[in-house]
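Asker:
In the working numbering, the protein residues as written are 7 to 498.
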């Protein structure tokens, strides 16, 4: 989701389109009748509801690991017909149903019931005037479902609801005293850790959404006192363990202890890289490559990205790539690297600074694009990885880099093979993924715009147009108003 730095008018037009979509979305929302307490809703039996709940934790939970599975299953009212279900339970089943051929048709009804309850503040369960963590969790998952269905404007509004509920519950100011936390009993600590994870799941989503759309972030890091989450093992066991803050981790660059923490740090650095490269600096400032503010921040971010990659890779980089969740973290890192060094390269060239500086950036960009290819090839579950919108964004960025860095006379089978491979992966993802379809649309637009550029490799452009073009015929929601801040093709 990344547009050119100078595309403010395009972003304004996109924002207007998003508002229009939001209004149209709301007009087409079909109200669902109130839940009957003796029914689980949508024609599901208790056993089917349990199957969907387990499917959620088996297939989707790791994408947003904020809920404690055992704690959630203990508290579910599925075995007690006198207790109505919550919006959180319905949206969990709705998300799970999208991963099941057997239950896929029930997904929209489950979502509508979740939305109906959330809009009414789950008022049948508690005083609607009192915000709860459950509401923050439910709205976050509702926004995930809406984004998955391509209703991006409504997903953004739902996500905003989630953040505000979390802030009203003070999830950004949870205790940092490790001694106090370790004195808590296991159930108490699980509750606090779940709240921590809910906050950081929101933070993670906010950073990625802002970085890929250009919308301002909704969370200010200076307001956060909540420590990073504990490891997955500690969370599952209900065993308290010391945790540092995001600021402390970046200040001393302590190795993140869990995949969730690595995901958070990578998303933060990705966002910071995009924000840094979007700012305007004077030519005088940019010419001071040693002490200028821009270049100091550039080196700091580049160093942090390198440290994070080294910390999570060690000597088992292939194993890291095979794990889909580790692979996703690496994709964030390489997307940030492309963004950071492409901006630097353009500034070096526009100011006629030493050519070797721009050449070093060009090498880093191409290496990052090749690493994205390697990650997708090496991961054990490319289909799962490609369901992640930011992974799709990273792949699309690599496609544009390869496309724009093949000169008119270049004949590199290796680069062409990589380009065809990524386009094929995007095509596979686009069969049932509206984000992939939207990214493909932008790739075709940018490739066609470069067809008259004599410096571009026309064969590479044809690869992009023919490879991504078929996705535009896939039926589904109109994606013409969805704007992603992809790097623009730029010849070195």
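We put the CB at the ideal spot given by N, CA and C, even for glycine. Since this is a predicted model, take the numbers as computed values, not measurements.
Hey, how far is the Cα of residue 267 from the Cα of residue 404?
Answerer: Position 261 of the chain shown, counted from the start, is the residue given in the question as residue 267. Position 398 of the chain shown, counted from the start, is the residue given in the question as residue 404. For residue 267 and residue 404, the distance between alpha carbons rounds to 25 Å.
Asker: Once the 5 residues before and after residue 310 are set aside, which same chain residues still bring their CB inside 8 Å of it?
Answerer: The residue you call residue 310 lines up with position 304 of the chain shown. Around residue 310: 256, 259, 275.
Asker: At what residues does the alpha helix (DSSP H) containing residue 139 begin and finish?
Answerer: To locate residue 139, count along the chain shown from 1; it is residue 133. Per DSSP, residue 139 belongs to the alpha helix (DSSP H) from 139 to 154.
Asker: Is the distance from the Cβ of residue 240 to the Cβ of residue 197 below 9 Å?
Answerer: As a first step, residue 240 is located in the chain shown; it is residue number 234 there, counting from the start. As a first step, residue 197 is located in the chain shown; it is residue number 191 there, counting from the start. Contact flag unset, no.
Asker: In angstroms with no decimal places, state the Cα-to-Cα distance between residue 333 and residue 394.
Answerer: Working through the chain shown from its first residue, we reach residue 333 at position 327. Working through the chain shown from its first residue, we reach residue 394 at position 388. If I take the Cα positions, the gap works out to 11 Å.
Asker: Given this structure, state the Cα-to-Cα distance separating residue 342 from residue 246, to the nearest angstrom.
Answerer: In the chain shown, counting from the first residue as 1, residue 342 sits at position 336. In the chain shown, counting from the first residue as 1, residue 246 sits at position 240. If you take the alpha carbons of residue 342 and residue 246, they lie about 33 Å apart.
Asker: The alpha helix (DSSP H) that contains residue 299, what's its start and end?
Answerer: In the chain shown, counting from the first residue as 1, residue 299 sits at position 293. Run containing residue 299: 299 to 319, per the alpha helix (DSSP H) assignment.
Asker: Below 7 Å CB to CB, which residues in the same chain sit around residue 60 once its five sequence neighbours on both sides are set aside?
Answerer: What you label residue 60 is simply residue 54 of the chain shown in a count that begins at 1. Once the five neighbours on either side are set aside, residue 60 has no close Cβ partner at all.
Asker: Using CA atoms only, rank isn't needed, just tell me which of 435, 171, 157, 220 is closest to residue 124.
Answerer: What you label residue 124 is simply residue 118 of the chain shown in a count that begins at 1. Checked all of 435, 171, 157, 220; the closest Cα to residue 124 is 171.
Asker: Tell me which residues share the same chain as residue 431 and place their Cβ nearer than 8 Å to its Cβ, disregarding the 5 neighbours each side in the sequence.
Answerer: Taking the first residue of the chain shown as 1, we reach residue 431 at position 425. So the list reads 382, 388, 392, 401, once near-sequence residues are dropped.
Asker: Measuring alpha carbon to alpha carbon, tell me which of 126, 238, 215 ends up nearest residue 67.
Answerer: Indexing the chain shown from 1 puts residue 67 at position 61. For residue 67, the nearest C-alpha among the options comes from 238.
Asker: How would you call residue 262, buried or exposed, if buried means at least 16 neighbouring beta carbons within 10 angstroms?
Answerer: Reading the chain shown from its first residue, position 256 is the one you call residue 262. Label assigned to residue 262: buried.
Asker: Go ahead and pull the three-state DSSP assignment for residue 181.
Answerer: The residue labelled residue 181 in the question sits at position 175 within the chain shown. Three-state DSSP puts residue 181 in coil, outside helix and strand.
Asker: Under 7 Å Cβ to Cβ from residue 113, same chain only, skipping five residues before and after it: list those, please.
Answerer: Position 107 of the chain shown, counting from 1, holds the residue named residue 113. Answer for residue 113: 100, 103, 104, listed in chain order.
Asker: Express the C-alpha separation of residue 165 and residue 226 in angstroms, rounding to a whole number.
Answerer: By one-based count along the chain shown, residue 226 stands at place 220. By one-based count along the chain shown, residue 165 stands at place 159. The straight-line gap from Cα to Cα measures roughly 16 Å.
Asker: Would you please verify whether the beta carbon of residue 53 is less than 9 Å from any beta carbon of chain D?
Answerer: No chain D appears in the structure shown, which is made up of a single protein chain.
Asker: Between 148, 217, 223, which lies nearest to residue 70 when the distance is taken from Cα to Cα?
Answerer: As a first step, residue 70 must be located in the chain shown, where it is residue number 64. Selected option, being the one with the closest Cα: 148.
Asker: Counting only the same chain and skipping the five closest in sequence on each side, list residues whose C-beta sits under 6 Å from that of residue 301.
Answerer: On the chain shown, residue 301 is found 295 positions in, with the first residue counted as 1. The answer, listed in chain order, is 295.
Asker: Of all the options 270, 409, 287, 298, which has the alpha carbon lying nearest to the alpha carbon of residue 236?
Answerer: Sequence index remark: in the chain shown, residue 236 carries index 230 (1-based). Minimum Cα distance to residue 236 is reached at 270.
Asker: Using a Cβ-Cβ cut-off of 6 Å (strictly less than) and excluding sequence neighbours within five positions of residue 323, which residues of its own chain qualify?
Answerer: Counting from 1 along the chain shown, the entry for residue 323 is found at position 317. The predicted position of residue 323 is uncertain, since its pLDDT is 47 and thus under 50; no value can be drawn from it.
Asker: For residue 150, tell me which candidate among 137, 297, 94, 50 has the shortest Cα-Cα distance.
Answerer: Numbered from its first residue, the chain shown carries residue 150 at position 144. Selected option, being the one with the closest Cα: 94.
Asker: Quick check on residue 174: does DSSP put it in helix, strand or coil?
Answerer: For the purposes of this step, residue 174 is identified with residue 168 of the chain shown, where counting begins at 1. Residue 174: helix per DSSP, three-state reduction.
Asker: Cβ of residue 168 within 9 Å of Cβ of residue 140?
Answerer: For the purposes of this step, residue 168 is taken as the residue at position 162 of the chain shown. For the purposes of this step, residue 140 is taken as the residue at position 134 of the chain shown. No, these two residues do not count as a Cβ contact at 9 Å.
Asker: Assuming the contact rule is C-beta atoms closer than 8 Å, residue 252 and residue 230 should be a hit. Round their C-beta distance to whole Å, please.
Answerer: Sequence index remark: in the chain shown, residue 252 carries index 246 (1-based). Sequence index remark: in the chain shown, residue 230 carries index 224 (1-based). Going by Cβ atoms, the distance from residue 252 to residue 230 rounds to 7 Å, so yes, they are a contact pair.
Asker: Take residue 4 and list the residues in its own chain whose beta-carbon comes closer than 7 Å to its own, dropping the five residues that flank it on each side.
Answerer: It is not possible to answer for residue 4, since the shown part of the chain is limited to 7 through 498.
Asker: Give a yes or no on whether the C-beta atoms belonging to residue 97 and residue 73 are separated by under 9 Å.
Answerer: Against the chain shown, residue 97 aligns to sequence position 91. Against the chain shown, residue 73 aligns to sequence position 67. Not closer than 9 Å, so no.
Asker: What do you get for residue 357, buried or exposed, if any count of 16 or more other CB atoms within 10 angstroms of its CB means buried?
Answerer: Within the chain shown, residue 357 is the residue found at index 351, counting from 1. Residue 357 comes out exposed.
Asker: Note down the Cα distance separating residue 249 from residue 75, rounded to an integer number of angstroms.
Answerer: Position 243 of the chain shown, counted from the first residue, corresponds to residue 249. Position 69 of the chain shown, counted from the first residue, corresponds to residue 75. If you take the alpha carbons of residue 249 and residue 75, they lie about 21 Å apart.
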